[in-house]
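A.B. asks: Each number in our numbering corresponds to the 1-based position in the sequence shown with 553 added. Quick reminder that beta carbons are idealized off the backbone N, C-alpha and C, glycines included.
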Amino acid sequence: MDEFLPQKDGYRVAVVGATGAVGQTMLEILAERNFPVSEIIPLASSRSAGSTIEFRKREYTVQDLATFDPKGVDIALFSAGGSTSLEYAPRFAEAGCYVVDNSSAWRMHEDVALVVPEVNPHALELARQNRIIANPNCSTIQMVVALKPLHDLVPIKRVVVSTYQAVSGAGGKAIDELARQTGQLLNGQSAEVKVFPARIAFNVIPQIDVFMDDGYTKEEHKMIDETRKIMEADIAVTATTVRVPVFYGHSESVNVTFESELTAEQARLALADAAGICVVDDPSGEDYPMPSEAAGTDPVWVGRIRNDYSFQNSLHLWIVADNVRKGAALNAVQIAEILISRT
Ligand code: A2P
Numbered sequence: 554m555d556e557f558l559p560q561k562d563g564y565r566v567a568v569v570g571a572t573g574a575v576g577q578t579m580l581e582i583l584a585e586r587n588f589p590v591s592e593i594i595p596l597a598s599s600r601s602a603g604s605t606i607e608f609r610k611r612e613y614t615v616q617d618l619a620t621f622d623p624k625g626v627d628i629a630l631f632s633a634g635g636s637t638s639l640e641y642a643p644r645f646a647e648a649g650c651y652v653v654d655n656s657s658a659w660r661m662h663e664d665v666a667l668v669v670p671e672v673n674p675h676a677l678e679l680a681r682q683n684r685i686i687a688n689p690n691c692s693t694i695q696m697v698v699a700l701k702p703l704h705d706l707v708p709i710k711r712v713v714v715s716t717y718q719a720v721s722g723a724g725g726k727a728i729d730e731l732a733r734q735t736g737q738l739l740n741g742q743s744a745e746v747k748v749f750p751a752r753i754a755f756n757v758i759p760q761i762d763v764f765m766d767d768g769y770t771k772e773e774h775k776m777i778d779e780t781r782k783i784m785e786a787d788i789a790v791t792a793t794t795v796r797v798p799v800f801y802g803h804s805e806s807v808n809v810t811f812e813s814e815l816t817a818e819q820a821r822l823a824l825a826d827a828a829g830i831c832v833v834d835d836p837s838g839e840d841y842p843m844p845s846e847a848a849g850t851d852p853v854w855v856g857r858i859r860n861d862y863s864f865q866n867s868l869h870l871w872i873v874a875d876n877v878r879k880g881a882a883l884n885a886v887q888i889a890e891i892l893i894s895r896t
């Protein structure tokens, strides 16, 4: 791979949506991973322009995206919603900047790379033309990281996934809603519903994003379409996506059918060896991944690996990851790291 950006001691990096749940984590991860930043540019809407954010123990003033001139910015990490990305990502790209976009706006565009660095880094080549790279949906990212090493051993034919998704996937206001409703219910008050389609505290909602004509939700279509774009178009995928009252960390029950036999032990060994994955799978010690432990960590955690006795060549997996980190901010920063690497 030829380099994407010329080698420099530091890059001008814009974070669009810097006041949001993912934007804040992008800033933290850039600092944690010592990303070479010569100038950090936090951007948001006019609502929070003028407020300050912290980066590497220094305060920076948030600027208004609408009036910001992107000329001279090397990399922009966008996490400010689909309509913002649709409007502004092309403007940044035309100004010569590489955009890593966390929204769903560009993911399925056939000229746009949809990248998980552990799975399909070669897809980044597409970005040389239009400079926009899409970060997949949080639930898709953690699933394909775990499926790829298995698919490399024995091709996958079919995937059936049910998700248990944390509220942070819906942003800062959704985090506040779970906290507020929990307090209200514990204090004998009725829960005020603002963000989700129903009460989320002490409940489970089998709807994420809006419904499509076929009865699936948009989130379910994202998982299906994105998994096939990232891995292989002929893998059959079906999904049920569910919101649960967890703050951070998505969990997934995944049933995988392979073209021929792959034993649970072979799968366990392959996953234990794979980049970005930790296997925690000890039924005798009642040890398995959980969002309470995955939150705040970088790996994709896999456990409950076992044969599906009901169907040939099939395994069950339980996959957990921090949806704001590997599911969003970390994946975006890893893509940015490839953009500045000399390979
Ligand atoms: P703002 O603070 O100005 O509303 P979250 O996903 O946690 O809800 O955060 C959304 C992020 O996207 C926030 O930083 C928010 O900024 C930003 N944002 C939302 N709409 C726009 C917009 N039209 N232009 C720029 N930033 C936006």
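(1) So, helix, strand or coil for Gly856, using DSSP?
(2) Using three-state DSSP, classify Arg711 as helix, strand or coil.
(3) In three-state DSSP terms, what is Gln819?
(4) Could you name the residues of the same chain whose beta carbon sits closer than 7 Å to that of Asn860, not counting the 5 residues immediately before and after it, in chain order?
(5) Assuming Asn547 is part of the alpha helix (DSSP H), what are its boundary residues?
(6) Within 10 angstroms of its Cβ, does Pro852 collect 16 or more other Cβ (buried), or is it exposed?
(7) Assuming Gly714 and Glu805 are in contact, meaning their beta carbons sit under 8 Å apart, how far apart are those beta carbons, in whole angstroms?
(8) Given a threshold of 16 other Cβ atoms within 10 Å of its Cβ, counted over all protein chains shown, does Ser638 qualify as buried or as exposed?
(9) Is any heavy atom in the ligand A2P found nearer than 6 Å to the beta carbon of Ala642?
(10) Apart from the five residues just before and just after Leu909, which ones in its own chain have a Cβ nearer than 7 Å to its Cβ?
(11) Only counting runs of 3 or more residues, tell me where the beta strand (DSSP E) segments fall wholly within the segment 666-704, in order along the chain.
(12) In this structure, what does DSSP give as the bridge partners for Glu730?
(13) Do you know how far the Cα of Leu706 is from the Cα of Lys561?
(14) On the DSSP bridge list, what partners appear for Cys831?
(15) Leaving aside the five residues before and after Ser591 along the sequence, list all residues of the same chain whose C-beta is less than 8 Å from its C-beta, in chain order.
(16) Can you give me the C-alpha to C-alpha distance between Thr572 and Ile686, rounded to a whole angstrom?
(17) Pull up the distance between the alpha-carbon of Gly625 and that of Thr791, whole angstroms please.
(18) Going straight from the alpha carbon of Leu739 to that of Val575, what length do you get?
(19) Using a 10 Å radius around the Cβ and a threshold of 16 neighbouring Cβ atoms, would you call Pro842 buried or exposed?
(20) Name the DSSP beta bridge partners of Val618, please?
(21) Smallest Cα separation from Glu663: which of Glu671, Leu677, Pro670?
(22) Around the C-beta of Tyr717, are 16 or more other C-beta atoms found within 10 angstroms, so that it is buried, or is it exposed?
(23) So for Leu558, helix, strand or coil by DSSP?
(24) Under 8 Å, with one C-beta from each stretch per pair, do the segment 667-683 and the segment 877-896 reach the 3-pair mark?
(25) Kindly indicate which residue of Glu745, Ala825, Ile694, Gly802 has the alpha-carbon position closest to the one of Pro844.
(26) Taking Arg565 as part of the beta strand (DSSP E), name the residues at either end of that continuous run.
(27) May I ask you to verify whether the segment 822-830 touches the segment 728-748, counting CB pairs closer than 8 Å and requiring at least 3?
(28) Checking the sheet assignment: what are the DSSP bridge partners for Asp654?
(29) Would you decide whether Tyr641 is buried or exposed? Buried here means 16 or more other CB atoms lie within 10 Å of its CB.
(30) Does any heavy atom of the ligand A2P sit closer than 6 Å to the C-beta of Ser601?
C.D. replies: Taking the geometry as given:
(1) For Gly856, the secondary structure class from DSSP, reduced to helix, strand or coil, is strand.
(2) Per DSSP, reduced to three states, the secondary structure at Arg711 is strand.
(3) DSSP places Gln819 within a helical segment (H, G or I) once states are collapsed to three.
(4) Same-chain partners within the cutoff: Ala817, Leu868.
(5) Because the chain in this structure spans residues 554 to 896, residue 547 falls outside the shown range and cannot be described.
(6) Its Cβ being crowded by 16 or more others within 10 Å, Pro852 is buried.
(7) The residue asked about is misnamed: residue 714 is Val in this sequence, not Gly. The beta carbons of Val714 and Glu805 sit about 5 Å from each other, so the pair counts as a contact at 8 Å.
(8) Label assigned to Ser638: buried.
(9) The answer is no for Ala642.
(10) Examination of residue 909 is not possible in this model, given that the chain is present from 554 through 896 alone.
(11) Taken in chain order, the complete beta strand (DSSP E) segments of 3 residues or longer contained in the segment 666-704 are 685-687.
(12) In DSSP, Glu730 forms no bridge with anything.
(13) Distance between the alpha carbons of Lys561 and Leu706: 39 Å.
(14) DSSP lists Trp854 as partners of Cys831.
(15) Correct list, in chain order: Lys561, Asp562, Gly563, Tyr564, Arg565.
(16) Whole-angstrom Cα-Cα distance: 22 Å.
(17) Each residue's alpha carbon lies about 43 Å from the other.
(18) C-alpha separation (whole angstroms): 29 Å.
(19) It is buried - the Cβ of Pro842 has at least 16 other Cβ atoms within 10 Å.
(20) The question names Val, but residue 618 is Leu in the sequence shown. DSSP, once it has assigned bridges, lists no residue as partnering Leu618.
(21) For the residues Glu671, Leu677, Pro670, the minimum Cα distance to Glu663 belongs to Leu677.
(22) Buried, by the Cβ-count rule.
(23) Here DSSP, grouped into helix, strand and coil, assigns Leu558 to coil.
(24) Flag = yes, the segment 667-683 and the segment 877-896 touch.
(25) Residue nearest to Pro844 within the set Glu745, Ala825, Ile694, Gly802 is Gly802 (criterion: CA-CA distance).
(26) Arg565 -> beta strand (DSSP E) spans 564-569.
(27) Fewer than three Cβ pairs drawn from the segment 822-830 and the segment 728-748 lie within less than 8 Å of each other, which leaves the two stretches out of contact.
(28) Answer is Phe631, Ala687, bridged to Asp654.
(29) Buried: at least 16 other Cβ atoms inside 10 Å.
(30) Ser601: yes, Cβ under 6 Å from the ligand A2P.
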